[in-house]
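Report on one structure; see the data block that follows.
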Amino acid sequence: MTDTLAVLGAGSWGTALAIVLARRGHTVRLWTLAPADAATMNALRVNAQFLPDIVLPPTLTATADLAAALDGVDGVLVVVPSSAFRQVLGRLAPLLPVRQLAWATKGFEEASDKLLHQVVAEELGADVVCVAVSGPSFAGEVALGLPTALTVASSDAAAARAWAARLHGGSLRAYRTDDLIGVQVGGAVKNVLAIGAGIADGLGFGANARAALITRGLAEVQRLGLALGAQRDTFLGLSGLGDLLLTCTDNQSRNRRVGLALASGQTLQQAVESLGQVAEGVVTARAVQRLATRLGVDMPICGEVYRVLYEQHDVRQAVQELLAREPLAEL
């Protein structure tokens, strides 16, 4: 069975997912804000800015007309930065053709520290079925058709099955879970920890330090997730440990590259500007710091990343302060 689907957001990740869905035989409308970008994609059959080497399938069409993108579709997948998520939902609200919304955006809403399913309920109504797509996945590898596994989360089992079926096939494997909160927390906080991993590697602290940071970082993700109502086992899966490992260890990760740049002496502004794309961990660090404080959750690594990003804390001093903490029971 094939569907007509709208993918909102034509960055690298949105384009990669649109390509996957089109390769599965679905008719895909890829929405971008810029009419010139849509015209160029349709004419050249590539997204020259973000995935210049990947040919767009014939069933994928780009458009800057949101109403046209949504007209009569069977499903909507939002793939915009978390900072633009509420704004896009506001535009989407009067046009949404189905009472269901999927997204592959990772992060908290910066202004409110809310998870994205809470933003969906406020903007579109509490009756809208929410589906979050997450997991260890670099856009370029997904677009190339390299083996990848994703998690599709929803409290509605039928919605999770439908989106998993749309994505699953070829070199992409899709798993399902009902832990919408845990999948979102894992996908958000790992970006903050990846900045920390980049800093540690940039300072030359070695593989032992990286392994310790990832392991103790996972404990921080889990503590925050449980405080927000997640299921413990979720953090040992693709959207927890899997995504954390990927983002902390490979230089395709924009957040890891921010950490490497900070370790080399660049300012935060220089590090972010050199990317040319959004590094969600920079924004998410603020929300995580506020949530951890509000909920009384111990998150020392994320806290030091926050201090480096926003309080001009020296990166080497941040590491020394982590090492100087009182020894505790591991579990």
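Going by my numbering, the first residue of the sequence shown is number 24, and it counts up by one from there. For each residue, glycine too, the CB sits at the ideal point set by N, CA and C.
Inset, instruction - Please list, in chain order, all residues of the same chain as R330 whose beta carbon is under 8 Å from its beta carbon, the five residues on each side excluded. - result: Within the sequence shown, numbered from 1, the residue matching residue 330 stands at position 307. H336 and A341.
Legend entry - Neighbour-count burial assignment, N231, 16 or more Cβ in a 10 Å radius: Counting from 1 along the sequence shown, the entry for residue 231 is found at position 208. Classification of N231: exposed, given that the 10 Å Cβ count is below 16.
Inset, instruction - Could you check how far apart the C-beta atoms of D26 and R189 are, in whole angstroms? I think they sit under 8 Å. - result: Residue mapping note: residue 26 aligns to position 3 of the sequence shown, counting from 1. Residue mapping note: residue 189 aligns to position 166 of the sequence shown, counting from 1. Going by Cβ atoms, the distance from D26 to R189 rounds to 7 Å, so yes, they are a contact pair.
Inset, instruction - Return helix, strand or coil for V320, following the three-state DSSP convention. - result: Locating residue 320 in the sequence shown gives position 297, counting from the first residue. The DSSP-derived three-state label of V320 is coil.
Legend entry - Whole alpha helix (DSSP H) elements within the stretch 127-160, 4-residue minimum: When DSSP assignments are scanned along the stretch 127-160, the uninterrupted stretches of alpha helix (DSSP H) that are 4 or more residues long and fall wholly within it turn out to be 139-147.
Inset, instruction - Could you tell me whether the Cβ atoms of L345 and A308 are closer together than 8 Å? - result: Position 322 of the sequence shown, counted from the start, is the residue given in the question as residue 345. Position 285 of the sequence shown, counted from the start, is the residue given in the question as residue 308. Against a cut-off of 8 Å, the Cβ pair of A308 and L345 comes out as no contact.
Inset, instruction - Have a look at the DSSP bridge pairing and note the partners of W54. - result: By one-based count along the sequence shown, residue 54 stands at place 31. DSSP, once it has assigned bridges, lists L31 and T86 as partnering W54.
Inset, instruction - Report the residue from A182, G282, L241 and D273 whose alpha carbon sits nearest the alpha carbon of V100. - result: On the sequence shown, residue 100 is found 77 positions in, with the first residue counted as 1. In the sequence under discussion, the amino acid at residue 100 is Leu, which differs from the Val named in the question. It is A182.
Inset, instruction - Could you have a look at A302 and say whether DSSP puts it in helix, strand or coil? - result: Taking the first residue of the sequence shown as position 1, residue 302 is located at position 279. In the structure shown, A302 adopts coil according to DSSP, grouped into three states.
Inset, instruction - Would you kindly work out how many angstroms separate the C-alpha atoms of R109 and G148, rounded to a whole number? - result: One-based indexing of the sequence shown puts residue 109 at position 86. One-based indexing of the sequence shown puts residue 148 at position 125. Near 13 Å, if we compare the C-alpha coordinates of G148 and R109.
Legend entry - G168 - DSSP class collapsed to helix/strand/coil: Taking the sequence shown and counting its residues from 1, the one referred to as residue 168 is at position 145. In this structure, G168 counts as coil in the three-state DSSP scheme.
Legend entry - P170 burial status per 10 Å Cβ neighbour count (16 or more: buried): As a working mapping, residue 170 is identified with position 147 in the sequence shown. A residue is called buried once 16 or more other Cβ atoms fall within 10 Å of its Cβ, and P170, having fewer, is exposed.
Inset, instruction - Just grab the DSSP bridge partners of R246 for me. - result: Numbered from 1 along the sequence shown, position 223 holds the residue referred to as residue 246. None, per the DSSP bridge assignment.
Inset, instruction - Indicate the three-state DSSP secondary structure (helix, strand or coil) for Q343 in the structure shown. - result: For the purposes of this step, residue 343 is taken as residue 320 along the sequence shown, with counting starting at 1. Helix, per DSSP.
Inset, instruction - Mind the definition here: the stretch 58-68 touches the stretch 116-136 only if three or more C-beta pairs lie below 8 Å; say whether that holds. - result: In this structure the stretch 58-68 does not lie against the stretch 116-136, because fewer than three pairs of beta carbons, one per stretch, are closer than 8 Å.
Inset, instruction - Compare the beta carbon distance of A253 and D202 with 8 Å and say whether it is the shorter of the two. - result: Position 230 of the sequence shown, counted from the start, is the residue given in the question as residue 253. Position 179 of the sequence shown, counted from the start, is the residue given in the question as residue 202. Against a cut-off of 8 Å, the Cβ pair of D202 and A253 comes out as a contact.
Inset, instruction - Go to L283, then tell me how far its alpha helix (DSSP H) extends in each direction, as first and last residue. - result: As a working mapping, residue 283 is identified with position 260 in the sequence shown. R277 to A286 is the span of the alpha helix (DSSP H), which, as asked, contains L283.
Inset, instruction - Count the other C-beta atoms from every protein chain shown that fall within 10 angstroms of the C-beta of V121, then say buried if there are 16 or more, exposed otherwise. - result: In the sequence shown, counting from the first residue as 1, residue 121 sits at position 98. Sixteen is the threshold: since fewer than 16 other Cβ atoms of the shown chains lie within 10 Å of the Cβ of V121, the residue is exposed.
Legend entry - Own chain partners of S160 with C-beta closer than 7 Å, once the 5 adjacent residues on each side are dropped: Locating residue 160 in the sequence shown gives position 137, where the first residue counts as 1. The residues are T171 and L173.
Legend entry - Cut-off 7 Å between Cβ atoms - residues of its own chain near F73, not counting five sequence neighbours on either side: By 1-based counting over the sequence shown, the position of residue 73 is 50. Excluding residues within five positions, the ones whose Cβ falls inside 7 Å are G34, S35 and T38.
Legend entry - Separation of Q343 from A116, as counted between CA atoms: Along the sequence shown, one-based indexing puts residue 116 at 93. Along the sequence shown, one-based indexing puts residue 343 at 320. For A116 and Q343, the gap between their C-alpha atoms comes out near 48 Å.
Legend entry - Classification of E145 by the beta-carbon crowding that lies within 10 angstroms, buried from 16 upward: Here residue 145 refers to the residue found at position 122 when the sequence shown is read from its first residue. Result: exposed.
Inset, instruction - Take V328 and list the residues in its own chain whose beta-carbon comes closer than 7 Å to its own, dropping the five residues that flank it on each side. - result: Position 305 of the sequence shown, counting from 1, holds the residue named residue 328. By the criterion of a C-beta distance shorter than 7 Å, V328 is surrounded in its chain by V215, I218, G219 and A308, once the five residues flanking it on both sides are discounted.
Inset, instruction - Tell me whether L53 is buried or exposed, calling it buried when 16 or more other Cβ atoms sit within 10 Å of its Cβ. - result: Numbered from 1 along the sequence shown, position 30 holds the residue referred to as residue 53. By the neighbour-count criterion, in which a residue is buried when 16 or more other Cβ atoms sit within 10 angstroms of its Cβ, L53 is buried.
Inset, instruction - For T55, I'd like the list of residues in its chain whose CB is within less than 7 Å of its CB, leaving aside the five on either flank, ordered along the chain. - result: Residue numbering aside, residue 55 sits at position 32 when the sequence shown is read from its first letter. Residues A33, A61, A85 and A87 of the same chain have their beta carbon placed closer than 7 Å to that of T55, with the five preceding and five following residues left out of the count.
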